[in-house]
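A.B. asks:
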Amino acid sequence: MRRLMGTAALLAIVGLTAGCGDDEAPEAVGTPTASESATETASDEPSESATPTETAESPESPTTSHTVSVAPPTESDEPEVDLARAPETYDEALAHIEAAGVDGSHTTSKRFSTPGDVVYCVLQHEFIPSSCELSVGMVKDPPVCGNAPSDFVGRVTLSDRGAEPECNTDTIREPGAPVVQPSGVVEAGGVTCAVESIGVTCVDGSHGFFITQGDYAVF
Numbered sequence: 001m002r003r004l005m006g007t008a009a010l011l012a013i014v015g016l017t018a019g020c021g022d023d024e025a026p027e028a029v030g031t032p033t034a035s036e037s038a039t040e041t042a043s044d045e046p047s048e049s050a051t052p053t054e055t056a057e058s059p060e061s062p063t064t065s066h067t068v069s070v071a072p073p074t075e076s077d078e079p080e081v082d083l084a085r086a087p088e089t090y091d092e093a094l095a096h097i098e099a100a101g102v103d104g105s106h107t108t109s110k111r112f113s114t115p116g117d118v119v120y121c122v123l124q125h126e127f128i129p130s131s132c133e134l135s136v137g138m139v140k141d142p143p144v145c146g147n148a149p150s151d152f153v154g155r156v157t158l159s160d161r162g163a164e165p166e167c168n169t170d171t172i173r174e175p176g177a178p179v180v181q182p183s184g185v186v187e188a189g190g191v192t193c194a195v196e197s198i199g200v201t202c203v204d205g206s207h208g209f210f211i212t213q214g215d216y217a218v219f
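The working numbering numbers the first residue of the sequence shown as 1 and each following residue consecutively.
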């Protein structure tokens with residue numbers, strides 16, 4: 001009887017021990033949780049936000065030096081002076097003088113004459129203003145001459161008042177003036193003249209004139 005009780009007691013102890021082991025949940029070491037699984041899955045595949053970042057990359061914008069072309073220099077808008085025509089402005093007169101200086105002689109003289117003594121000029125004189133005078137081909141100009149003794153402009157002068165035509169009956173000519181051939185430039189007393197086949201052009205610092213047989217201009 002004592003042996004049976006001992007056996008029964010032993011079985012009871014074993015049963016209790018087994019019951020206690022069933023109360024503890026086994027450790028889930030190898031099984032990932034739901035949050036862990038989601039995290040791992042998301043990390044394996046690129047996220048939606050990463051995709052547009054990669055595809056949105058565009059090539060570098062071209063710099064200004066690559067896109068802007070340099071235009072070639074353009075010619076001046078000012079028309080070229082026709083040296084075959086008489087000058088009508090101060091700037092055109094300067095162009096005639098410059099061209100004559102390049103193509104011909106350049107001298108200093110207080111007076112001079114053109115071939116055939118057609119035009120006689122005084123550039124510097126104690127009593128006579130800078131002037132050029134025609135010997136032939138005076139220009140008929142009644143509106144300019146008015147009540148002057150002559151209706152013909154035969155001389156043009158340069159003074160502080162500018163360039164002025166004169167309807168003269170006298171002369172400023174003196175013998176012995178050097179003859180200047182076209183093309184040539186003569187200067188003296190702050191006045192510069194160009195002798196060309198078309199006539200004589202003279203300027204000072206701000207005014208000028210042109211004179212030839214049958215024509216003249218002041219500017």
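Glycine residues also receive a C-beta, built at the ideal position from the N, C-alpha and C atoms.
Do you know how far the Cα of Thr201 is from the Cα of Ala95?
C.D. replies: Position 95 of the sequence shown, counting from 1, holds the residue named residue 95. Position 201 of the sequence shown, counting from 1, holds the residue named residue 201. Each residue's Cα considered, the two are about 10 Å apart.
A.B. asks: I need the straight-line Cα distance from Phe127 to Val81, nearest angstrom please.
C.D. replies: For the purposes of this step, residue 127 is identified with residue 127 of the sequence shown, where counting begins at 1. For the purposes of this step, residue 81 is identified with residue 81 of the sequence shown, where counting begins at 1. Phe127 and Val81: Cα-Cα distance of roughly 35 Å.
A.B. asks: Using the Cα positions of His106 and Val185, report the straight-line distance between them to the nearest angstrom.
C.D. replies: Along the sequence shown, one-based indexing puts residue 106 at 106. Along the sequence shown, one-based indexing puts residue 185 at 185. Each residue's Cα considered, the two are about 5 Å apart.
A.B. asks: Would you kindly work out how many angstroms separate the C-alpha atoms of Glu98 and Met138, rounded to a whole number?
C.D. replies: As a position in the sequence shown, residue 98 is number 98, starting the count at 1. As a position in the sequence shown, residue 138 is number 138, starting the count at 1. So the two alpha carbons sit approximately 27 Å from each other.
A.B. asks: Determine the DSSP secondary structure at Val144, reduced to helix, strand or coil.
C.D. replies: Sequence index remark: in the sequence shown, residue 144 carries index 144 (1-based). Helix at Val144.
A.B. asks: Determine the burial state of Arg155: buried for a count of at least 16 other Cβ atoms within 10 Å of its Cβ, exposed for fewer.
C.D. replies: Your numbering for residue 155 matches position 155 in the sequence shown. Buried, by the Cβ-count rule.
A.B. asks: Excluding sequence positions up to five away, which residues of its chain have a Cβ less than 8 Å from the Cβ of Asp103?
C.D. replies: For the purposes of this step, residue 103 is taken as residue 103 along the sequence shown, with counting starting at 1. Ser183, listed in sequence order.
A.B. asks: Within 10 angstroms of its Cβ, does Ile211 collect 16 or more other Cβ (buried), or is it exposed?
C.D. replies: Working through the sequence shown from its first residue, we reach residue 211 at position 211. With 16 or more other Cβ atoms within 10 Å, it is buried.
A.B. asks: Report back the beta-carbon spacing between Val191 and Leu123 to the nearest angstrom; my notes put them in contact at under 8 Å.
C.D. replies: For the purposes of this step, residue 191 is taken as residue 191 along the sequence shown, with counting starting at 1. For the purposes of this step, residue 123 is taken as residue 123 along the sequence shown, with counting starting at 1. Confirmed, about 5 Å.
A.B. asks: Could you tell me the distance, in whole angstroms, from the CA atom of Phe152 to the CA atom of Cys132?
C.D. replies: Position 152 of the sequence shown, counted from the start, is the residue given in the question as residue 152. Position 132 of the sequence shown, counted from the start, is the residue given in the question as residue 132. Their Cα atoms are separated by approximately 14 Å.
A.B. asks: Are the CB atoms of Val195 and Thr108 nearer to each other than 9 Å?
C.D. replies: For the purposes of this step, residue 195 is taken as residue 195 along the sequence shown, with counting starting at 1. For the purposes of this step, residue 108 is taken as residue 108 along the sequence shown, with counting starting at 1. Not in contact: Val195 and Thr108 (Cβ atoms no closer than 9 Å).
A.B. asks: Looking only at its own chain, which residues have a Cβ that is under 7 Å from the Cβ of Val136, when we skip the five neighbours before and after it?
C.D. replies: Residue mapping note: residue 136 aligns to position 136 of the sequence shown, counting from 1. Correct list, in chain order: Val118, Gln213.
A.B. asks: Using the Cα positions of Val144 and Pro165, report the straight-line distance between them to the nearest angstrom.
C.D. replies: Working through the sequence shown from its first residue, we reach residue 144 at position 144. Working through the sequence shown from its first residue, we reach residue 165 at position 165. When rounded, the distance between both Cα atoms is 8 Å.
A.B. asks: Could you check the C-alpha separation between Pro149 and Thr169 for me, to the nearest Å?
C.D. replies: The count along the sequence shown starts at 1 and reaches residue 149 at position 149. The count along the sequence shown starts at 1 and reaches residue 169 at position 169. Their Cα atoms are separated by approximately 7 Å.
A.B. asks: Identify the continuous alpha helix (DSSP H) that holds Ala100 and give its terminal residues.
C.D. replies: Reading the sequence shown from its first residue, position 100 is the one you call residue 100. Run containing Ala100: 90-103, per the alpha helix (DSSP H) assignment.
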